[in-house]
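Structure record follows, encoded as C-alpha cells.
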Amino acid sequence: MKVEKNNVVALIYSLRIPDNDGEMDIVEVVTEEDPMYFIQGISGLPEGFEGKIEGLAVGDTFDFTVAPEEGYGEFDPEAIVELPKAVFQSDDIDQDELLEIGNIVPMTNEDGERMHGQVVEVKDDVVVMNFNHPLAGKEMHFAGSILSIRPATNEEISHGHVHGEGGHHH
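Going by UniProt numbering, the first residue of the sequence shown is number 1, and it counts up by one from there.
Here is the structure:
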C-alpha cells in the first residue's frame, strides 16, 4: 500500500528550518513513541509536504525541503494587527496571563472561522497580534520515514480526522 488520498498515514520526522545565519535549527521531532497520524489529502498539512510523500510505502524514508509558497505561505505583514484590549476580556481567564508576549490565543474572526494569533505586544488599550502561521515564510526541511498506511474509514473521511490509535476518540 502506498501513501495516497484517503489513506491514514503514520510517520516520524524531524523538521529543521534555517535560522537568521542560515544554520539549520531543529524545531520539531516526531518519534516512534508518538508518531504523527493523518489522512492524506484532507489533513490540512501543507500541500508541499503531502505532495512529497505521495506514493511512498511503509519503510520508505524521505528527506526534502518545502518552500514557503508550498508550505504555510510567505510572511504577511498585514496579518499583524492591533485589536482593542476589550476583545480579550473574559470572566473565565485572567487577562494578564492570556496576554503574555508570545502566547498563542485561539480566536474567531467575523466570519466565524477559528484562527490562532500570537501576542506580539501589549499597549495601554490595544494588543498587537500576529496571525501568520509560526512557519510562514520559512523553508522547512523534513527527514523521516513512513511507519504504517491503511485506508481511512468512511467515518474518518467524513469527520476529516483519524480515529483510534493516534487519532481522535469520540
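Backbone N, C-alpha and C fix where the C-beta goes; we use that ideal spot for every residue, glycine too.
Residue(s) in a DSSP beta bridge with residue i
i    : result
F62  : G144
I53  : Beta-bridge pairing links I53 to no other residue.
F38  : V9
N130 : I80, Q118
S14  : V29, A143
M1   : In DSSP, M1 forms no bridge with anything.
T108 : R114
P151 : N7
Cβ neighbour criterion (16 or more within 10 Å) applied to residue i
i    : result
A67  : exposed
M129 : buried
H169 : In this prediction, H169 has a pLDDT of 49, which is less than 50 and means its spatial position is unreliable; what the coordinates show is noted afterwards. By the 10 Å Cβ count, H169 comes out exposed.
A152 : buried
Which listed residue (the options) has its alpha carbon closest to that of residue i
i    : options              : result
D19  : I53, E139, E165, D94 : E139
P77  : G48, D60, F131, P84  : F131
S158 : I39, K2, E23         : I39
Q95  : R150, I104, K85      : K85
I146 : P35, R16, I104, E156 : P35
D60  : G102, V3, N109, A152 : V3
M1   : G22, R16, I53, D21   : I53
7 angstroms CB neighbourhood of residue i in its chain, flanking five on each side removed
i    : result
Y72  : P46, H133, L135, A136
L99  : F88, V119, V122, V127
P106 : R114, H116
E83  : Here the sequence assigns Leu to residue 83, which means Glu is not the residue at that position. Contacts found: V126, V127, M129.
N154 : none
Contacting residues, own chain, Cβ-Cβ under 6 angstroms from residue i (five flanking each side not counted)
i    : result
L143 : It is Ala, not Leu, that sits at residue 143 in the sequence shown. S14, D63, listed in sequence order.
I42  : G160
G48  : V66, E70, G71
Contacts around residue i, its chain only, beta-carbon distance under 8 angstroms, and the 5 residues preceding and following it disregarded
i   : result
I12 : V30, T31, E32, P35, M36, G144, S145, L147
Proximity test, residue i beta-carbon vs the ligand NAD heavy atom, cut-off 7 angstroms
i   : result
A67 : In the structure on display, the ligand NAD does not appear, and there are no ligands present to speak of.
> Within the chosen definition, does the stretch 24-35 reach the stretch 118-130 through at least 3 CB pairs nearer than 8 angstroms?
Replying inline: The stretch 24-35 is not in contact with the stretch 118-130.
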